[in-house]
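Just so you know, the sequence shown maps onto residues -21 to -1, 1 to 164 in mature numbering (1 follows the signal peptide of the UniProt record, and there is no 0). We put the beta carbon where it would ideally sit given N, CA and C, even for glycine.
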Amino acid sequence: MRWWCFLVCCFGILSVMSAQKTDNKGLKKERELLEITGNQFVANDKTKTAVIQGNVQIKKGKDRLFADKVSVFLNDKRKPERYEATGNTHFNIFTEDNREISGSADKLIYNALNGEYKLLQNAVVREVGKSNVITGDEIILNKTKGYADVLGSAKRPAKFVFDMEDINEENRKAKLKKKGAKAKP
C-alpha cells in the first residue's frame, strides 16, 4: 500500500506536465515541466505530503532549487501548493524580464499559488552578472509581481547593495522612452 501511495503522490506531483493549455489571449502554450530528483522520496497520502531528501534538485522551466531536504505539500488534487527546503538551500530563478536571480538561506518556502519565495535566516539574494545584493533575516521575493521585502534584526540588519551605474542607465532609458512617446503625434 505504501508504494501505491508513493507512486500516486509522485505521479500527482509530476503529472502537471507536457499538456497544452490556453493563455488569457486564447493562444496555446506548453505547460512547464516540474522535475524533482533526490536520493529518497517518502510520500504520505493521508497528510498530502512528499518528503524528498539527499541532493534534492527541483527544476521548473529555467528555475532551479537545491537543498538537502524538501517537503512538498499537496492540495486535494495532488498538485503542489507549497515547498519547504532546508539544508544547503540555494536557488536560481528568472524574473519576468529575464534577469537571473540567485539566492540562499537556511530555509526557503515557495508558495506555488502566488509565486512567492520566502527566505528565512541568513538570507542572501543576488542579481547574477551585477553587483546588486540584498541580505537580511527574512527576504520575500515574488518574481511574477517583481517585488522584494526584506526584514533585518539588530544582529543582522537588512542590507541593500546596488550598482548606481545600472540605476542611472535605467533612468536614462526611461527618459529617452518618455521623450520618444511625446515626440510622436
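Check	Outcome
Nearest CA to the CA of Leu12: which residue from Ile37, Asn23, Phe20 and Lys25?	Ile37
Near Asp76, what residues of its chain come up, given a Cβ to Cβ distance below 6 Å and the 5 sequence neighbours on each side ignored?	none
Roughly how many whole angstroms lie between the Cα atoms of Val30 and Tyr62?	10 Å
Please state whether DSSP places Trp(-19) in a helix, a strand or coil.	Model confidence at Trp(-19) stands at a pLDDT of 36, short of 50, so the residue's coordinates are unreliable; what they give is reported in the following sentence. Correct three-state label for Trp(-19): helix.
Can you give me the Cβ contacts of Ile88 inside the same chain, cut-off strictly under 6 Å, excluding the 5 residues immediately before and after it?	Glu63 and Lys97
Looking only at C-alpha atoms, which of Thr28, Phe20, Leu53 and Asn93 sits nearest to Gly125?	Asn93
Measuring alpha carbon to alpha carbon, tell me which of Val49, Met143, Gly159 and Glu106 ends up nearest Phe73.	Glu106
Nearest CA to the CA of Leu120: which residue from Val35, Ile15, Ser81 and Phe20?	Ser81
Which value, in whole angstroms, describes the spacing of the CA atoms of Ile15 and Arg151?	42 Å
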